[in-house]
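Enquirer: The structure under discussion is supplied below as structure tokens; questions concerning it will follow.
Numbering (the UniProt record's numbering), first residue to last: 1 to 176.
The following block contains the structure:
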């Protein structure tokens, strides 16, 4: 019965939490703290802080931790599955519809309209990252990291993971 409760505690916020992990956090808190009383508000805030400190999607990390705390490895697996199941089901359903109509002129036109929008959104994100980096690290550090990253990625063809680790190391040595 506990596995079913874990499933419901994370499946319902996964369905209703439009906008990803940050949007579903209040819904998870309602299920975990108020409905099932597995954690206190203080314990939930500690789990949230730990989830924010680790890389990856926050909702799945919280589901894995809380599920493990309640029912061991099986609870963690059920919690993680319940968190990703709504998105997985919707993606499979939409993919089958898209695959069915992939040769439709309307779908091709829609895809062509979406591409520039995605490019603009990615450009805005890059601009925001640049601006926050400039404010936090200054002109010279930001310029050095941009130029070095460009050279390493485009000219040397170094894997992006190594560039990220190098930038982290640079920040730890020279910007802390």
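Idealized CB from N, CA, C, for every residue including glycine.
These numbers were taken from a predicted model, which means no experiment stands behind them.
(1) Please classify residue 54 as buried or exposed, where buried requires at least 16 other C-beta atoms within 10 Å of its C-beta.
(2) Quick one: using the 10 Å Cβ neighbour count with 16 as the cut-off for buried, is residue 13 buried or exposed?
(3) In terms of residues, what are the limits of the alpha helix (DSSP H) holding residue 151?
(4) Inspect the CB distances between the region 61-74 and the region 3-12 and report whether three or more fall short of 8 Å.
(5) For a quick check, are the C-beta atoms of residue 170 and residue 131 less than 9 Å apart?
(6) Which first and last residues belong to the alpha helix (DSSP H) in which residue 99 is found?
(7) So, is residue 135 buried or exposed, given that buried needs 16 or more other C-beta atoms within 10 angstroms?
(8) Going along the chain, which residues of its own chain have a beta-carbon closer than 8 Å to the beta-carbon of residue 84, five neighbours each way excluded?
(9) Would you mind reading off the limits of the alpha helix (DSSP H) that contains residue 55?
(10) What residue range is occupied by the uninterrupted alpha helix (DSSP H) comprising residue 104?
(11) Would residue 76 be called buried (16 or more neighbouring beta carbons within 10 Å of its own) or exposed?
(12) Taking the alpha helix (DSSP H) that residue 5 falls in, what are its first and last residues?
(13) When the Cα atoms are used, what is the spatial distance from residue 142 to residue 175?
Expert: From the atom records:
(1) On the chain shown, residue 54 is found 54 positions in, with the first residue counted as 1. By the 10 Å Cβ count, residue 54 comes out exposed.
(2) Sequence index remark: in the chain shown, residue 13 carries index 13 (1-based). The residue in question, residue 13, is buried, as its Cβ has 16 or more Cβ neighbours within 10 Å.
(3) What you label residue 151 is simply residue 151 of the chain shown in a count that begins at 1. Premise fails: residue 151 is in no alpha helix (DSSP H) and is neither H nor E.
(4) yes
(5) Reading the chain shown from its first residue, position 170 is the one you call residue 170. Reading the chain shown from its first residue, position 131 is the one you call residue 131. No, Cβ-Cβ distance for residue 170 and residue 131 is not below 9 Å.
(6) Stepping through the chain shown from its first residue, residue 99 is reached at position 99. From DSSP, the alpha helix (DSSP H) with residue 99 extends over 58-100.
(7) On the chain shown, residue 135 is found 135 positions in, with the first residue counted as 1. By the neighbour-count rule (16 or more Cβ atoms within 10 Å), residue 135 is not buried but exposed.
(8) Within the chain shown, residue 84 is the residue found at index 84, counting from 1. Here the set comprises 14 and 60.
(9) The residue you call residue 55 lines up with position 55 of the chain shown. For residue 55, no alpha helix (DSSP H) run applies, since DSSP gives it neither H nor E.
(10) One-based indexing of the chain shown puts residue 104 at position 104. Neither: residue 104 is in no alpha helix (DSSP H) and is coded neither H nor E.
(11) Residue numbering aside, residue 76 sits at position 76 when the chain shown is read from its first letter. That one is buried.
(12) Locating residue 5 in the chain shown gives position 5, where the first residue counts as 1. 2-16 is the span of the alpha helix (DSSP H), which, as asked, contains residue 5.
(13) Taking the chain shown and counting its residues from 1, one reaches residue 142 at position 142. Taking the chain shown and counting its residues from 1, one reaches residue 175 at position 175. Those two C-alpha atoms are separated by around 11 Å.
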